[in-house]
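Those letters in the sequence shown? Residues 33 to 760, by my numbering. Every residue gets a Cβ at the ideal spot worked out from N, C-alpha and C, and that includes glycine.
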Amino acid sequence: MHDESTVTTSTGIDAEQGVVDTLYRRLDALREEAEERLGEVRKQGPSGSPQNRSERDAFATLYEDRIGQLDAVEDRLCFGRLDMVGGERLYVGRIGLSDSDHIPLLTDWRAPAATPFYAATAARPSGVMNRRHLTTQGRKVTAVEDDVLDVEALRASGQEANLAGEGALLAALDARRTGRMGDIVATIQAEQDAVIRAPMQGALVVQGGPGTGKTAVALHRAAYLLYHHRDLLERRGVLLVGPSNSFLRYIDHVLPSLGETGAVSTTLAGLVRGIRITHRDRDDIAVLKGRADMAQVIRAAVRERQRVPAKDQAFRIDGRDVVIKRSDVKDAQARARRDGKPHNEARSAFAKEMINRLTRQVVEQLGPEIEDDDRKEIARDLRADRDLRIAINLCWLPLSAETLVRDLLSKPHLLDHCGSRLSRKERDLLLRDPRAPFTDADVPLLDEAAELLGDMPAAPTAREDTKAELEYAKQVLETFGSHSMIKIDAETLAERMRGSESRRTVAERASEDRTWTYGHVVVDEAQELSPMAWRMLLRRCPSRSFTIVGDVAQTSNPAGTRWWPETMDPLFQGGWHLRELSVSYRIPSAVAEAAQSFAKAAGLPVSEMSAARDVDDSVVAMRVAADAVAQAAADAARAEVEGLAGRGGGLVAIIAPDAHVQALTQIAPEGVDVVGARDAKGLEYDAVVIAQPAEIATVPQDLYVALTRPTRRLVLVHSGDLPRGLVA
């Protein structure tokens, strides 16, 4: 903040309160208008022609979506003001609003006109004289803060006396944790804004240390792209991939609060239907399963189910001999593969070709004078014969991805055949009991298998737009009227009017379609992904439009990334670039220094990072007897809870070695999270107590993650020496 800022004045707050009141009145009016129109549509009931019902349903969905958007932006609707050198005044908020005469009242934070709110500096003011931050609680303005960018222009305007200041960014950073991620739309900093507004084409890798706002920046970038590329992304959606379900719950409200609902949030496992992952592989097994050459092992396992019998097989059907010849099976399989369809879909082509060949054998026995109807009858009889059907099935077995992977990893002969490129030691590592549950490292293998196999039942094909449907949609828009609250074109309305399938959300449609491809993919904690996991994501975005955020110093997956070019170059060739975030807004400076000191001593590839704030006594170390660590950690957590109570409360966690999590859970104070270091990744707490940091440090990345979770206070409870480089 600049020295020109002064203390908050009630005059500044009162003036802005009037503006905010006007904006909320307009928001209420738009919401009421949408609710009234929705009510009118619903009153019409289910009567009428199917086309009329589809029309009403389409508009009902549009109004419901609009009401949901207006509800989501209720909190902190307006958060900023720009005073331009030319005298123009611009208010910035979550969405754009205009009055009934279409005069702009509020500028969407993603609009080009709002860019200076985040990007302007005193060195490059971009025509901005003064930037004002508004802090609100509910619909009440509680503080205003001015950031003067052009002092001479401000003096010339005569507005110096109206300045105010409270420190919007530092106030936001000092706020207590709530267990849900807060958006940063009101306090985006220049280096973050440059990432958010970067072009959509290609892959953007955002590297940054803990607390630099990587996740928040990624979410705001998703909202920004949805705003500026709506035609593409609203139809195909944005896929957001997070490290865990708890992480997804932590961020689930951020995009709606920014006015967007067109993103699908999931974990990697969530991309594979019908499986539940509860176990994790040992590191050596995870590394092996994550290697790119496992794709060839899976492909060989699929090909193995396309078998050629050891010898020709003769059958007696209706008094005539037919023979499944090995040469015919080979030829029919080759023909079925030509179209490049997945295994289960191509199987019908193989079976049809085999029936045709067997039919010709019967026809040759009956003579050339046989009629077409008789040929069809012969083919039906052959298809109906149980023994023949079984024999053909055995030559091209239909199966699910789960069955294929389970068989591959539990049958030595199958793994020897399909994994011949692997060493004996590696194949032995992969073998397991057929009843063993699937693990996190199995997810990319299952997805690879699903891609090669295809669905067991044939998936229905979507109807295409027709000229008649588009013309009718245009007529509906003309008849119904085009309201300022809803922007829709004829193509979109035609999709909505086709039926329930097109009226479902992107998330609903994508979740039921394994082959769904997205317009853009955001990957958080991307350093954890193995080469096989990246294959999963690349097939879901053929355009290779990605936002990839992570920190290679926090990589805990042995199959993950420790240097971005090593991973990105093979995936995107020249179509990717790297941006770095260098300021940690979440972590107190003493915590950041302790974490960086440890990381450097452990040889982790940490990014240079500076902290934005200081907090007194933010790092404390407690050395106790080995048998007293658990109780000391629980007592320390209780003390932190009590200390935060005077500040309105907050979140406290105990991070412990995995082997001690269960025991600590039994004695931890109510409301305190007890987690392992890897489960804490991506989360943040007001205070963190780390039990036995030296044990966690056996995997240095895990301790680095644990050290960087607190926003106010870090307590180290240990019985021996602290890890090298870690000084409280």
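Residue range of the unbroken alpha helix (DSSP H) whose run includes residue i
{"i": "H261", "result": "Taken as a continuous stretch (DSSP letters only), H261 belongs to no alpha helix (DSSP H), as it is neither H nor E."}
{"i": "Y150", "result": "T147 to A151"}
{"i": "Q698", "result": "D690 to I699"}
{"i": "K321", "result": "D315 to G322"}
{"i": "G119", "result": "Counting along the chain, G119 falls outside any alpha helix (DSSP H), and DSSP gives it neither H nor E."}
{"i": "R392", "result": "H375 to L398"}
{"i": "L748", "result": "Counting along the chain, L748 falls outside any alpha helix (DSSP H), though it belongs to the beta strand (DSSP E) covering P742 to H750."}
{"i": "D667", "result": "V661 to A677"}
{"i": "I422", "result": "R418 to C427"}
{"i": "E177", "result": "No alpha helix (DSSP H) contains E177, which is instead part of the beta strand (DSSP E) from K172 to V180."}
{"i": "S359", "result": "R358 to R369"}
{"i": "M568", "result": "P563 to L570"}
{"i": "I228", "result": "A222 to I228"}
Spatial distance of residue i from residue j (CA atoms)
{"i": "M564", "j": "L102", "result": "40 Å"}
{"i": "K408", "j": "R392", "result": "11 Å"}
{"i": "V395", "j": "L569", "result": "50 Å"}
{"i": "Q775", "j": "L447", "result": "The structure shown does not extend to residue 775, since the chain is modelled only from 33 to 760, so the question has no answer here."}
{"i": "G703", "j": "L715", "result": "16 Å"}
{"i": "G680", "j": "T174", "result": "17 Å"}
{"i": "D705", "j": "L696", "result": "10 Å"}
{"i": "P637", "j": "G170", "result": "43 Å"}
{"i": "G635", "j": "F111", "result": "42 Å"}
{"i": "E198", "j": "V684", "result": "Reliability of the predicted coordinates at E198 is poor, the pLDDT of 40 falling under 50, and the value obtained from them is presented with this limitation in mind. Whole-angstrom Cα-Cα distance: 27 Å."}
{"i": "D344", "j": "L429", "result": "18 Å"}
{"i": "Q698", "j": "L431", "result": "45 Å"}
{"i": "F347", "j": "A332", "result": "30 Å"}
{"i": "R744", "j": "S621", "result": "10 Å"}
{"i": "L272", "j": "S455", "result": "36 Å"}
{"i": "D89", "j": "P231", "result": "36 Å"}
{"i": "S130", "j": "H252", "result": "23 Å"}
{"i": "A145", "j": "D115", "result": "12 Å"}
{"i": "A660", "j": "H445", "result": "52 Å"}
Neighbourhood of residue i by C-beta, 7 Å cutoff - its chain only, sequence neighbours within 5 removed
{"i": "A433", "result": "L478, A481, A482 and L485"}
{"i": "G269", "result": "G294, A295, V296, V538, A542, Y550 and G551"}
{"i": "V117", "result": "G159, M161, D182 and A185"}
{"i": "L265", "result": "L257, L258, G294, G551 and H552"}
Outcome for residue i when other beta-carbon atoms lying within 10 angstroms are tallied against a minimum of 16
{"i": "N5", "result": "Here the chain has residues from 33 to 760 only, and residue 5 is not among them."}
{"i": "D313", "result": "buried"}
{"i": "M161", "result": "buried"}
{"i": "N589", "result": "buried"}
{"i": "R467", "result": "exposed"}
{"i": "S516", "result": "Caution applies to S516, whose pLDDT of 38 falls short of 50 and renders its modelled position unreliable; the value that the coordinates give is listed next. Counting Cβ neighbours within 10 Å, S516 comes out exposed, since fewer than 16 surround it."}
{"i": "D225", "result": "buried"}
{"i": "E496", "result": "Since pLDDT at E496 reaches only 40, below the 50 mark, its modelled position is unreliable, and the value read off the structure follows with that caveat. Per the 10 Å Cβ criterion, exposed."}
{"i": "N425", "result": "exposed"}
{"i": "P732", "result": "buried"}
{"i": "M488", "result": "exposed"}
{"i": "L739", "result": "buried"}
{"i": "T762", "result": "The first residue shown for the chain is 33 and the last is 760, placing residue 762 beyond what the model contains."}
{"i": "R74", "result": "exposed"}
{"i": "R121", "result": "exposed"}
{"i": "T210", "result": "Model confidence at T210 stands at a pLDDT of 48, short of 50, so the residue's coordinates are unreliable; what they give is reported in the following sentence. Looking at its Cβ environment, which holds fewer than 16 other Cβ atoms inside 10 Å, T210 is exposed."}
{"i": "L758", "result": "buried"}
{"i": "L441", "result": "buried"}
{"i": "S616", "result": "buried"}
{"i": "Q605", "result": "exposed"}
Own chain partners of residue i with C-beta closer than 6 Å, once the 5 adjacent residues on each side are dropped
{"i": "H311", "result": "P469 and T471"}
{"i": "L676", "result": "G682 and D718"}
{"i": "V301", "result": "The question names Val, but residue 301 in the sequence shown is Ala. Cβ within range, chain order: I309 and V475."}
{"i": "A364", "result": "F382, E385 and M386"}
{"i": "V354", "result": "F347, L390 and Q393"}
N- and C-terminal bounds of the beta strand (DSSP E) containing residue i
{"i": "M326", "result": "Where M326 is concerned, there is no enclosing beta strand (DSSP E), although the alpha helix (DSSP H) it sits in stretches over M326 to E336."}
{"i": "H165", "result": "V160 to Q169"}
{"i": "D734", "result": "Counting along the chain, D734 falls outside any beta strand (DSSP E), though it belongs to the alpha helix (DSSP H) covering P732 to L739."}
Residues near residue i in its chain [Cβ-Cβ closer than 8 Å; skip 5 each side]
{"i": "A381", "result": "R367, A368, D371 and K373"}
{"i": "L350", "result": "For clarity, residue 350 is Asp in the given sequence; the question names Leu instead. So the qualifying residues of the chain are D413."}
{"i": "R63", "result": "I99, L102 and D103"}
{"i": "W566", "result": "T599 and L603"}
Chain B within 8 Å of residue i, Cβ atoms only
{"i": "P469", "result": "Structure shown: chain B not included; a single protein chain is present."}
Can at least three beta-carbon pairs, one atom from the segment 315-329 and one from the segment 453-461, be found at a separation below 8 Å? yes
Given 8 Å as the limit, is there contact between the segment 651-660 and the segment 703-712, that is, 3 or more CB pairs closer than that? no
Is the segment 597-612 close to the segment 235-244, with three or more CB pairs under 8 Å? yes
Three CB pairs or more closer than 8 Å across the segment 745-752 and the segment 592-609: no
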